[in-house]
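Visitor: This is the structure I have questions about; it appears just below.
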């Protein structure tokens, strides 16, 4: 029935992606859906490395600040800043979709001195 509904919505190509979940663990727990929904309402979102992003929305724009805080990945401060910025960029993209944010978005990345990090940070992820 779900496949027919998807096809009726004009997306028959999506019908092959529908799968019946038969796991023992509740579906929301298995895919951590509740924690993702909760993160959409939090001002501060923790990153796996220990850093965080802070998202503030106003009528005019959305401001996002990246903090390294406890992040210790990498051999030095520059490497930590670079890795935290890359990790934050992925999470910011996810949060923008999750929160349905658009318009003017200002992101304050952690400063990176080495030119090689600045160049690599400008390229979209592969």
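In the UniProt record's numbering, the protein residues as written are 1 to 126. Think of the CB as a built atom: it goes at the ideal place given N, C-alpha and C, for glycine as much as any other residue. No experiment lies behind these values; they were computed from the predicted model shown.
#1: Straight-line CA distance for residue 106 to residue 24?
#2: If you draw a straight line from the alpha carbon of residue 69 to that of residue 1, how long is it in whole angstroms?
#3: Tell me whether the beta-carbon of residue 65 lies closer than 8 angstroms to the beta-carbon of residue 53.
#4: Bridge partners of residue 46, per DSSP?
#5: For the stretch 89-104 against the stretch 35-54, do three or more pairs of beta-carbon atoms, one drawn from each stretch, fall closer than 8 angstroms, so that the two count as touching?
#6: Excluding the five sequence neighbours on either side, which residues of its own chain have a C-beta within less than 6 angstroms of the C-beta of residue 62, listed in chain order?
#7: Which of the three DSSP states is assigned to residue 57 in this structure?
#8: Which residue comes first and which comes last in the alpha helix (DSSP H) that contains residue 90?
#9: Along the chain, where does the beta strand (DSSP E) that runs through residue 63 open and close?
#10: Sort 86, 58 and 16 by Cα distance to residue 112 and report the nearest one.
#11: Less than 8 angstroms separating the beta-carbons of residue 83 and residue 29?
Guide: With the structure as the only source:
#1: 43 angstroms
#2: 49 angstroms
#3: yes
#4: 52
#5: yes
#6: 101 and 105
#7: strand
#8: 77-99
#9: 62-67
#10: 86
#11: no
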